[in-house]
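Below is one structure, written out as structure tokens; the observations come after it.
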Amino acid sequence: HLQTIRLCNWETGGCYFRKNDGVIVIKDHTFAESMPKIPVLILNGFLGSGKTTLLTSLLVQSHKKQLSIGVVVNDMSELDVDGLLVAQTEFFEKNDSNFQSIYSCVLSSKKGLKKLSDSLNQMVLTNAPELLIIETSGSCHPMPLIEFFSKQSQFKLTGVLTLVDSAMIDQDYDCGKQLVPIMQRNVQAQQRDTTNLLVEQILFCSHLVLTKVDRIQKTKIPEIAQSIHEINPFVSIISVPWGNLPIDDVLTMPEYDFHRVSQLIKELKPTFEVDGHDDEPYNLVANVIKDDRPFHPQRLWDTCQQHLGQHIYRSKGFFYLPNRDKLSLLWNQAASGINLQVIGSWRAGILEDEDNGLDEMEIKGLEKMLAKEPGRFGDRRCHLTVIGDKTQVDWFTESLQRCFLTEHEIEHWKSGGTFPDPWPNNYVTREC
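Start counting the sequence shown at 127; every next residue gets the next number (this note's numbering).
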């Protein structure tokens, strides 16, 4: 009558058995070591490098193979955009313990590691997965995570994938040739910035993935690969369009080589501990914008053309435009690139559509849900997070806030008026 539960006590390494009337703890490390370890894949990489796209691709493939996957998504911002998007997919039920979202911190901080430990404890107690995938925040340093998993008796770290945005490397680092020189200047000046983070993410990885290769000239890809390979000659470099990495390659990855990075950890740890990574790592901050008004299309366009500085690394979230107010749009900016994606329809927009195809009961259900919404325009809202160097984030955030409709413009919109709209009519459609 005993049902075996996977090892879940991080401190003692005790084995757990569950009985009908409670839990019996057996501290038998010999038995614990015989339990199969759960393989762990870490998706690391700078802001906007394509981690969520790769994660989604792996989830689709695992679903087809009927493979049980555990997922942890991390966001340094309080606005958990990636976590919300993954949670809305078909792969996880509501309140599924195999999906954990950790936000308002980075996993490389003490706070983040504590939340990770608690999340994994909850995951394995209920339904231990066959593979655990962790998508880190773009500002996350891999070293603390690697140290964390080197001490876990129930998990086996098999892959630390660093995703590198080829377009960003081409534009900001001259196809990667400036990565090491800038890093060396930082060392001489005794300072650490996002270049240090990017280089060290490459140094700690077991596999390096070049993303967004479709956005640069094909002749530049070998240049970028060569420049990056000089930083970490121990790993192979592959280019992956649209996150199309075969999950079979992930499942056959050998255990992570902790010995290879042991000296690197010794060298970096003193500096890492002095700098601290709990607040504003690498001078990065995250601002959140929340408003129930739509953006003025032309002002938003002009602001992005004129005020999107080089050190605004990432902005993402949900928004709407007055001319297209039935559509819930995903704002997805990384470096100089901005994508608009349709992720669904606002409930308010569905009710306003005379041909919505709903019966009376469904209409009443939607009206009941909308009555609980705090905004003036039903469930419509603009919630964005802006991440970048703290010298520029406030300025760009204020510029975006000036793009919302004024009260006079809201009256014009509500009376059926339109606004100049230079944004493309074609969107990327995200299926959830």
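All C-beta atoms in this analysis are idealised placements derived from N, C-alpha and C, irrespective of residue type, glycine included.
According to the DSSP assignment, residue 226 belongs to no alpha helix (DSSP H) but to the beta strand (DSSP E) extending over 225 to 229. The secondary-structure analysis by DSSP pairs residue 261 across a beta bridge with 169, 199. Residue range 410 to 417 is occupied by the beta strand (DSSP E) that includes residue 412. A direct Cα-Cα distance of roughly 13 Å separates residue 223 from residue 242. Under the DSSP assignment, residue 282 falls in the beta strand (DSSP E) whose first and last residues are 281 to 291. Cβ neighbours of residue 466 within its own chain (closer than 8 Å, five residues either side excluded): 455, 456, 457, 458, 549, 550, 553, 554. Taking the Cβ atoms as the reference, residue 386 lies roughly 48 Å from residue 421, outside the contact range of under 8 Å. Residue 338 has its alpha-carbon roughly 8 Å from the corresponding atom of residue 175.
Just measuring C-alpha positions, the residue of 292, 334, 228 sitting nearest residue 210 is 228. For residue 186, no beta strand (DSSP E) encloses it; the enclosing alpha helix (DSSP H) starts and ends at 177 to 190. Within the same chain, no residue comes within 6 Å of residue 162 by CB-CB distance, once the 5 residues on both sides are set aside. Between residue 168 and residue 287, the C-beta gap is smaller than 8 Å, which places the two residues in contact.
Our two residues, residue 472 and residue 182, have alpha carbons roughly 23 Å apart in a direct line.
Judged by DSSP secondary structure, residue 521 falls within the alpha helix (DSSP H) whose first and last residues are 516 to 527. Shown here, residue 534 sits in a helix according to DSSP, grouped into three states. By the 16-neighbour rule on beta-carbons within 10 angstroms, residue 332 is buried.
According to the DSSP assignment, residue 355 belongs to no beta strand (DSSP E) but to the alpha helix (DSSP H) extending over 346 to 357. For residue 245, the enclosing alpha helix (DSSP H) starts and ends at 236 to 253. Annotated as distal: residue 304 and residue 462, with beta-carbon spacing of 8 Å or more. Here the stretch 498 to 512 lies against the stretch 444 to 451, with 3 or more beta-carbon pairs under 8 Å apart. In the structure shown, residue 442 falls within a strand segment according to DSSP collapsed to helix, strand and coil.
DSSP places residue 457 in the strand class (E or B) of the three-state scheme. Under DSSP, residue 421 forms a beta bridge with 530.
For residue 207, there is no enclosing beta strand (DSSP E); the enclosing alpha helix (DSSP H) covers residues 207 to 213. Using a 10 angstroms sphere on the CB of residue 363, the tally of other CB atoms reaches 16 or more, which defines it as buried. Assignment of beta-bridge partners to residue 512 by DSSP yields 413, 441. The Cβ atoms of residue 326 and residue 394 lie closer than 8 Å to each other. Residue environment for residue 489: exposed (fewer than 16 other C-beta atoms within 10 angstroms of its C-beta).
Look at residue 194 here: in three-state DSSP terms it is coil, with no helix or strand label. Between residue 256 and residue 178, the CB-CB gap reaches or exceeds 8 Å. For residue 363, the enclosing beta strand (DSSP E) covers residues 363 to 365. Assignment of residue 377 by DSSP, reduced to helix, strand and coil, places it in the helix class. Annotation for residue 503: 418, 474 place their beta carbon closer than 7 Å to its own, counting only its chain and skipping 5 residues before and after.
Between residue 412 and residue 173, the gap from beta carbon to beta carbon reaches 8 Å or more. Relative to residue 250, the option among 301, 263, 196 whose CA is nearest is 196.
Assignment of beta-bridge partners to residue 333 by DSSP yields 287.
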